[in-house]
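Everything on this sheet refers to the single structure shown next.
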Amino acid sequence: MKQKLIVAALIVAGLASIAYAAFSSNLIINGTATTTPDWDVKITNIAADATNSTTGATDATTPAFTDTSATFDVELAYPGASATYNITVTNAGSIDAILNSITPDITTINGAAPTDITYEVTGVTPSTTTLNAGATNTVTVKVTWNSASTITTAQTKTATITLNYVQNT
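According to our numbering, the sequence shown is numbered sequentially starting from 573.
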(Lines of atoms letter the chains of each structure in order from A and count residues from 1; the text may use other names and numbers.)
(Lines give C-alpha, C1' and ligand atoms only; values in the text may rest on other atoms or scores of the structure.)
Protein backbone atom coordinates (compact mmCIF):
# COMPACT_ATOMS: atom_id res chain seq x y z
CA MET A 1 0.00 0.00 0.00
CA LYS A 2 2.85 2.23 0.80
CA GLN A 3 4.35 1.53 -2.61
CA LYS A 4 1.07 2.37 -4.35
CA LEU A 5 0.95 5.64 -2.47
CA ILE A 6 4.52 6.51 -3.49
CA VAL A 7 3.78 5.63 -7.14
CA ALA A 8 0.58 7.70 -7.07
CA ALA A 9 2.48 10.64 -5.52
CA LEU A 10 5.15 10.41 -8.22
CA ILE A 11 2.48 10.32 -10.95
CA VAL A 12 0.71 13.37 -9.46
CA ALA A 13 4.05 15.23 -9.16
CA GLY A 14 4.92 14.37 -12.76
CA LEU A 15 1.53 15.52 -14.05
CA ALA A 16 1.82 18.74 -12.02
CA SER A 17 5.26 19.40 -13.53
CA ILE A 18 3.93 18.83 -17.05
CA ALA A 19 0.93 21.12 -16.41
CA TYR A 20 3.17 23.85 -14.96
CA ALA A 21 5.52 23.66 -17.94
CA ALA A 22 2.59 23.89 -20.37
CA PHE A 23 1.20 27.05 -18.73
CA SER A 24 4.46 28.86 -18.01
CA SER A 25 5.88 29.31 -21.52
CA ASN A 26 7.52 32.61 -22.48
CA LEU A 27 5.63 34.99 -24.74
CA ILE A 28 8.02 36.97 -26.93
CA ILE A 29 6.76 39.92 -28.98
CA ASN A 30 9.12 41.59 -31.40
CA GLY A 31 8.43 44.73 -33.44
CA THR A 32 10.09 47.71 -35.04
CA ALA A 33 8.66 51.19 -35.56
CA THR A 34 10.28 53.53 -38.03
CA THR A 35 9.50 57.17 -38.71
CA THR A 36 10.85 59.19 -41.59
CA PRO A 37 10.21 62.84 -40.78
CA ASP A 38 11.19 65.30 -43.47
CA TRP A 39 11.82 69.00 -42.69
CA ASP A 40 11.63 71.01 -45.89
CA VAL A 41 10.32 74.54 -45.30
CA LYS A 42 11.81 77.11 -47.65
CA ILE A 43 11.27 80.18 -49.78
CA THR A 44 10.52 79.00 -53.31
CA ASN A 45 9.80 82.25 -55.17
CA ILE A 46 9.80 86.05 -55.07
CA ALA A 47 7.59 87.92 -57.52
CA ALA A 48 7.09 91.65 -57.95
CA ASP A 49 3.47 92.68 -57.44
CA ALA A 50 2.96 95.32 -60.14
CA THR A 51 -0.63 95.90 -59.05
CA ASN A 52 0.49 97.21 -55.65
CA SER A 53 3.66 99.04 -56.77
CA THR A 54 4.10 102.57 -58.15
CA THR A 55 5.86 103.71 -61.32
CA GLY A 56 8.76 105.22 -59.38
CA ALA A 57 10.11 101.91 -58.10
CA THR A 58 12.78 99.76 -59.75
CA ASP A 59 15.03 96.97 -58.57
CA ALA A 60 18.60 98.20 -58.06
CA THR A 61 19.38 94.46 -58.08
CA THR A 62 17.01 91.57 -58.68
CA PRO A 63 15.44 90.27 -55.46
CA ALA A 64 17.24 87.11 -54.36
CA PHE A 65 16.45 84.35 -51.91
CA THR A 66 17.88 81.37 -50.08
CA ASP A 67 15.86 78.72 -48.26
CA THR A 68 15.04 81.09 -45.39
CA SER A 69 16.06 84.63 -46.44
CA ALA A 70 14.94 87.16 -49.03
CA THR A 71 17.05 90.16 -50.06
CA PHE A 72 15.66 93.33 -51.61
CA ASP A 73 17.52 96.32 -53.06
CA VAL A 74 14.92 98.78 -54.29
CA GLU A 75 15.52 102.16 -55.90
CA LEU A 76 12.68 104.59 -55.34
CA ALA A 77 12.57 107.68 -57.60
CA TYR A 78 10.47 110.04 -55.50
CA PRO A 79 8.65 110.37 -52.15
CA GLY A 80 5.51 108.23 -52.16
CA ALA A 81 6.98 105.59 -54.50
CA SER A 82 6.66 101.97 -53.39
CA ALA A 83 7.42 98.44 -54.50
CA THR A 84 5.57 95.32 -53.39
CA TYR A 85 6.83 91.74 -53.56
CA ASN A 86 5.16 88.41 -52.85
CA ILE A 87 7.36 85.74 -51.30
CA THR A 88 6.15 82.15 -51.60
CA VAL A 89 7.09 79.90 -48.68
CA THR A 90 6.52 76.18 -49.25
CA ASN A 91 6.44 73.31 -46.76
CA ALA A 92 7.42 70.35 -48.96
CA GLY A 93 8.21 68.25 -45.89
CA SER A 94 6.11 66.00 -43.67
CA ILE A 95 6.32 68.12 -40.50
CA ASP A 96 3.95 71.01 -39.75
CA ALA A 97 5.76 74.31 -39.13
CA ILE A 98 5.11 77.59 -37.35
CA LEU A 99 6.85 80.93 -37.96
CA ASN A 100 9.05 81.49 -34.92
CA SER A 101 10.50 84.89 -35.84
CA ILE A 102 11.38 87.37 -38.56
CA THR A 103 14.95 88.62 -38.34
CA PRO A 104 16.16 91.20 -38.18
CA ASP A 105 13.18 92.88 -36.61
CA ILE A 106 11.45 95.19 -39.11
CA THR A 107 11.97 98.10 -36.68
CA THR A 108 15.73 97.54 -36.98
CA ILE A 109 15.57 97.54 -40.79
CA ASN A 110 13.46 100.70 -40.83
CA GLY A 111 15.82 102.41 -38.36
CA ALA A 112 18.73 102.08 -40.80
CA ALA A 113 19.49 104.93 -43.20
CA PRO A 114 17.75 106.21 -45.18
CA THR A 115 14.95 106.19 -42.61
CA ASP A 116 12.44 107.70 -45.05
CA ILE A 117 12.36 104.32 -46.81
CA THR A 118 10.54 101.67 -44.81
CA TYR A 119 9.84 97.97 -45.18
CA GLU A 120 6.57 96.34 -44.16
CA VAL A 121 6.01 92.57 -43.92
CA THR A 122 2.44 91.25 -43.98
CA GLY A 123 0.78 87.87 -44.41
CA VAL A 124 2.62 86.27 -41.48
CA THR A 125 2.82 86.77 -37.73
CA PRO A 126 5.56 85.19 -35.61
CA SER A 127 4.30 82.52 -33.15
CA THR A 128 0.91 82.52 -34.94
CA THR A 129 1.34 81.71 -38.64
CA THR A 130 1.40 77.97 -39.26
CA LEU A 131 2.47 76.17 -42.41
CA ASN A 132 1.17 72.62 -42.59
CA ALA A 133 3.01 69.89 -44.46
CA GLY A 134 2.37 70.25 -48.19
CA ALA A 135 1.04 73.82 -47.91
CA THR A 136 2.30 77.20 -49.13
CA ASN A 137 2.03 80.69 -47.71
CA THR A 138 2.46 84.10 -49.31
CA VAL A 139 4.42 86.75 -47.42
CA THR A 140 4.09 90.30 -48.74
CA VAL A 141 6.98 92.77 -48.46
CA LYS A 142 6.29 96.41 -49.28
CA VAL A 143 9.06 99.02 -49.57
CA THR A 144 7.83 102.62 -49.38
CA TRP A 145 9.46 106.04 -49.55
CA ASN A 146 7.60 108.26 -47.07
CA SER A 147 5.49 110.70 -49.10
CA ALA A 148 6.21 113.49 -46.58
CA SER A 149 9.99 113.21 -47.11
CA THR A 150 11.87 116.37 -48.09
CA ILE A 151 14.67 114.44 -49.83
CA THR A 152 14.28 114.80 -53.59
CA THR A 153 17.00 112.54 -55.06
CA ALA A 154 16.43 108.85 -55.75
CA GLN A 155 17.00 106.62 -52.74
CA THR A 156 17.84 102.93 -52.31
CA LYS A 157 17.68 100.72 -49.26
CA THR A 158 18.79 97.11 -49.15
CA ALA A 159 17.30 94.67 -46.66
CA THR A 160 17.56 90.95 -46.03
CA ILE A 161 14.62 89.42 -44.21
CA THR A 162 14.91 85.94 -42.68
CA LEU A 163 11.83 83.83 -41.92
CA ASN A 164 12.63 81.42 -39.09
CA TYR A 165 10.23 78.47 -39.05
CA VAL A 166 10.27 75.71 -36.41
CA GLN A 167 8.31 72.51 -35.87
CA ASN A 168 4.71 73.18 -34.83
CA THR A 169 4.13 71.02 -31.76
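Even glycine gets a Cβ: it sits at the ideal position worked out from N, Cα and C.
Best match in Thr634, Tyr650, Thr741, Thr608 for proximity to Thr626 [C-alpha to C-alpha]
One-based indexing of the sequence shown puts residue 626 at position 54. The residue with the shortest Cα to Cα distance from Thr626 is Tyr650.
Ignore the nearest five residues each way along the sequence and tell me which others in Thr633's own chain have a CB closer than 7 angstroms to its CB.
On the sequence shown, residue 633 is found 61 positions in, with the first residue counted as 1. Excluding sequence neighbours, Thr633 sits near Asp645.
Please give the ranges of any beta strand (DSSP E) in the segment 575-621, keeping only runs that are unbroken, at least 3 residues long and fully inside the region.
The segment 575-621 contains, as complete beta strand (DSSP E) runs of 3+ residues, the segments 613-620 (chain order).
For the segment 650-664 against the segment 616-623, do three or more pairs of beta-carbon atoms, one drawn from each stretch, fall closer than 8 angstroms, so that the two count as touching?
At 8 angstroms Cβ cutoff, the stretches touch.
What separation, rounded to the nearest whole angstrom, lies between the Cα atoms of Ser699 and Tyr737?
Start at 1 with the first residue of the sequence shown, and residue 699 comes out as number 127. Start at 1 with the first residue of the sequence shown, and residue 737 comes out as number 165. Cα-Cα distance, rounded: 9 angstroms.
State the start and end residues of the unbroken beta strand (DSSP E) segment that holds Asn740.
If you number the sequence shown from 1, residue 740 lands on position 168. Taken as a continuous stretch (DSSP letters only), Asn740 belongs to no beta strand (DSSP E), as it is neither H nor E.
Tell me the DSSP secondary structure of Asn704 in three-state form.
On the sequence shown, residue 704 is found 132 positions in, with the first residue counted as 1. It is coil, neither helix nor strand.
Is it buried or exposed for Lys729, if we count other Cβ within 10 angstroms and need 16 for buried?
To locate residue 729, count along the sequence shown from 1; it is residue 157. Under this definition Lys729 is a buried residue.
Ignoring anything shorter than 4 residues or poking outside the segment 658-708, list the alpha helix (DSSP H) runs there in chain order.
If only complete runs of 4 or more residues are kept, the segment 658-708 shows the alpha helix (DSSP H) at 678-683, in order along the chain.
The segment 668-676 contacting the segment 712-727, beta-carbon criterion three pairs below 8 angstroms:
With a cut-off of 8 angstroms on Cβ pairs, the segment 668-676 is not in contact with the segment 712-727, counting fewer than three such pairs.
If you draw a straight line from the alpha carbon of Leu587 to that of Ala581, how long is it in whole angstroms?
For the purposes of this step, residue 587 is taken as the residue at position 15 of the sequence shown. For the purposes of this step, residue 581 is taken as the residue at position 9 of the sequence shown. Cα to Cα, Leu587 sits roughly 10 angstroms from Ala581.
Taking the alpha carbon of Thr734 as the point to measure from, which residue in Ile689, Val613, Val584, Ala629 has its own alpha carbon closest?
The sequence position of residue 734 within the sequence shown is 162, counting from 1. Closest option to Thr734, Cα to Cα, is Val613.
Where the beta strand (DSSP E) containing Asp631 begins and where it ends:
Translated into the one-based positions of the sequence shown, residue 631 becomes position 59. Per DSSP, Asp631 belongs to the beta strand (DSSP E) from 629-637.
Straight-line gap, Ser666 to Tyr592 (C-alpha atoms, nearest Å)
The residue you call residue 666 lines up with position 94 of the sequence shown. The residue you call residue 592 lines up with position 20 of the sequence shown. In this structure, the straight-line span from the alpha carbon of Ser666 to that of Tyr592 is close to 51 angstroms.
Where the beta strand (DSSP E) through Thr640 begins and ends:
Start at 1 with the first residue of the sequence shown, and residue 640 comes out as number 68. In the DSSP annotation of this structure, Thr640 is not part of any beta strand (DSSP E), being labelled neither H nor E.
Determine the burial state of Asn598: buried for a count of at least 16 other Cβ atoms within 10 Å of its Cβ, exposed for fewer.
Numbered from its first residue, the sequence shown carries residue 598 at position 26. Looking at its Cβ environment, which holds fewer than 16 other Cβ atoms inside 10 Å, Asn598 is exposed.
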